[in-house]
Amino acid sequence: MKKIGLLPLIIMAIVLGIVAGNVFSEGLVRLFITFNSIFSQFLGFMIPFIIIGFVTPAIANIGSGAGKMLVATVLIAYLDTVVAGLIGYGTGSLFFPGMIAGTESFVAEKAAELKPFFEINIPTVMDVMSALVFSFMAGLGIIYTHAETLHSVFDEFQNIVSKVIAKVIIPLLPVYIFGIFTNMTYTGQAYRILLVFAQIILVIVVLHVFILVYEFVIAGGLAHKNPFRLLWRMLPAYLTALGTSSSAATIPVTLDRTIKNGVSADVAGFTVPLCATIHMPGSMMKITCCALTVCLMNGMPHAFPLFLKFMLLLAVCMVAGPGVPGGAVMAALGPLASVLGFNADMQALIIALYIAMDSFGTACNVTGDGAVAIVIDRIFRRK
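Number 163 in numbering that gives the first Met the number 0 belongs to position 164 of the sequence shown; there are no gaps in the numbering.
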C-alpha cells in the first residue's frame, strides 16, 4: 500500500468493483457484503474512540498556547471552517438537485435485494455526543488541573487510535469500497451514481478555488495588500500539499510563504502549525457537499437547520484529524451517523469520494492557513 498509495488503491477498488459486479455470482457478491457488514460494525465501534482520541489531546494541547492570540486563532479558524461548509451547502442546494434527478433511493433498493450470509453485532461503548462531551470535559480538565499524567495517557491513546486507523481501517478500505461498488454494480445502480458524483467533484474543485479567493480577499483587505499577490505567493504551499496530501508535511513550506507575505515570524510560527490542526475549510466543504448529495439521492432530510447542526459538530470532530491518513473523514463518520442518519453504505461512499479528492482539500486547508496568519498578524501587530 505504501508503494502504490491509498488513492490509486481506491480507484482500482472502484474500477474492479464495477467489473466484478458484472461477472460475479450472487454468492460471491454476498460474500463481500458479509465482509462489509462486519467491517462497518467495527467502524461504528471505533467512531467514539476516534473522537476521544483526536479531540481530547487536541484540546489539551491547544490550551497550553498563549492567551488572546490563541483564542482569536481558534475562533477565526472555526468560523472559517463552518463558513466553507455553508458555502458548500448553499451551492449544493442550488445545483445538486438537478444533477441528481432519477437516482433516489439507490441504497434502499440495493439493501432490499441482497443480504449478508450472517451478521455480527458490535455495540458502541457510547454515542457520538457522549464521546464529544467526554472529550471536552477531559481536555479542559487537563488544562485547568495541569494533569500531565492524564495528558500523557490521552496522547498515548491517540497513538493507539491512529495506529488502528493506519494499520487496520485504511488497509481494509479498498476491500470495503470494492464490496460496495461490486454490490451496486450487481444491482444496476453504480453507473448513475458515478455519473452524479463526477459532476459533484467538478463543483467541489471550483468551490476550493472560491474559498481561497474569499479568504485572501478578506485577509488582503484587512492588511491593505493585494489579495491575489498574497495568494500567488502561497502557490508553493498549495502545490506541496497537492503532492503530499499532508498538512503536517507542508508546514515548513506554508510557514516560509506566510513570512514572505509579510507576517511576522513569531505570529507565523504560532498560527501555521496550530491552523494545520484546526483549520479545515476544504475538508468541511467537501464532506458537506458529499453528504448533501447522498441525502438528495436517498430522499433523506436535508434542511438547513439539520445541516447547520451537522457542520457545527463536524468542525469540532475534525480537530486533529490531519494527524492520520483520512483522519478528517474518519472523524466525520460520527456526525454523519448521529446527525444525518447515514448507514454503512452511505458512509462508504463519503469515504471513497473524500479520499478521491483528498489532496485538493488538504491544499485548500494549508493555503488558507496563510490567510488566517495574515489576519492574526494584522490584529496583534504592535502599533
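Idealized CB from N, CA, C, for every residue including glycine.
Per-residue burial, residue i [other beta carbons within 10 Å of its own, 16 or more giving buried]
{"i": "H145", "result": "exposed"}
{"i": "G89", "result": "exposed"}
{"i": "K285", "result": "buried"}
{"i": "F44", "result": "exposed"}
{"i": "N60", "result": "buried"}
{"i": "P56", "result": "buried"}
{"i": "H223", "result": "exposed"}
{"i": "D376", "result": "buried"}
{"i": "A314", "result": "buried"}
{"i": "R256", "result": "buried"}
{"i": "F303", "result": "exposed"}
{"i": "E155", "result": "exposed"}
{"i": "D265", "result": "exposed"}
{"i": "Y143", "result": "exposed"}
{"i": "G220", "result": "exposed"}
Beta-carbon contacts of residue i that lie in its chain and below 7 Å, excluding the five residues immediately before and after
{"i": "H301", "result": "L291, C294 and L295"}
{"i": "S104", "result": "Interpretation of S104 is limited by its pLDDT of 45, a score under 50 that renders its predicted location unreliable; no figure is taken from the coordinates."}
{"i": "Q40", "result": "I119, N120 and I121"}
{"i": "L206", "result": "I86, G87, T90 and M284"}
{"i": "V204", "result": "F359"}
{"i": "A347", "result": "Y175, I176 and I179"}
Residues of its chain near residue i, where Cβ-Cβ distance is below 6 Å and the 5 sequence neighbours each way are ignored
{"i": "Y237", "result": "A362 and T366"}
{"i": "G91", "result": "C288 and L291"}
{"i": "V350", "result": "Just to set this straight, residue 350 is Ile in the shown sequence, not Val. Counting only Cβ-Cβ distances below 6 Å, and skipping sequence neighbours, we find V328."}
{"i": "I141", "result": "A59, L149 and H150"}
{"i": "A331", "result": "I286 and L313"}
{"i": "F341", "result": "L335"}
CB-CB length for residue i against residue j, believed under 8 Å
{"i": "Y185", "j": "G26", "result": "In fact, because the Cβ distance is near 11 Å, the residues do not count as touching under 8 Å."}
{"i": "A372", "j": "V262", "result": "5 Å"}
{"i": "A83", "j": "I210", "result": "5 Å"}
{"i": "A71", "j": "I378", "result": "6 Å"}
Contact with chain C by residue i, beta-carbon distance below 8 Å
{"i": "F209", "result": "As a matter of chain content, chain C is missing from the structure shown, which is built from one protein chain."}
Residues near residue i by beta carbon distance below 8 Å, same chain, minus five either side
{"i": "P47", "result": "T123, V124, M125, D126, V127, S129, A130 and G333"}
{"i": "I159", "result": "G52"}
{"i": "L241", "result": "S358, F359, T361 and A362"}
{"i": "V195", "result": "M98, I99, T102, T292 and M296"}
{"i": "M310", "result": "V81, G84, L85, Y88, M283 and T287"}
Item checked: Any 3 or more C-beta pairs closer than 8 Å across the segment 25 to 44 and the segment 114 to 122 -> Cβ pair count under 8 Å is three or more, so yes.
Margin query: I want to know whether the segment 329 to 345 touches the segment 223 to 243 - three or more CB-CB distances under 8 Å.
Written below: no
Notebook entry, point to check: With a cut-off of 8 Å, do at least 3 Cβ pairs link the segment 123 to 136 to the segment 10 to 18?
Noted result: no
Notebook entry, point to check: Three or more beta-carbon pairs under 8 Å between the segment 277 to 284 and the segment 71 to 78, yes or no?
Noted result: yes
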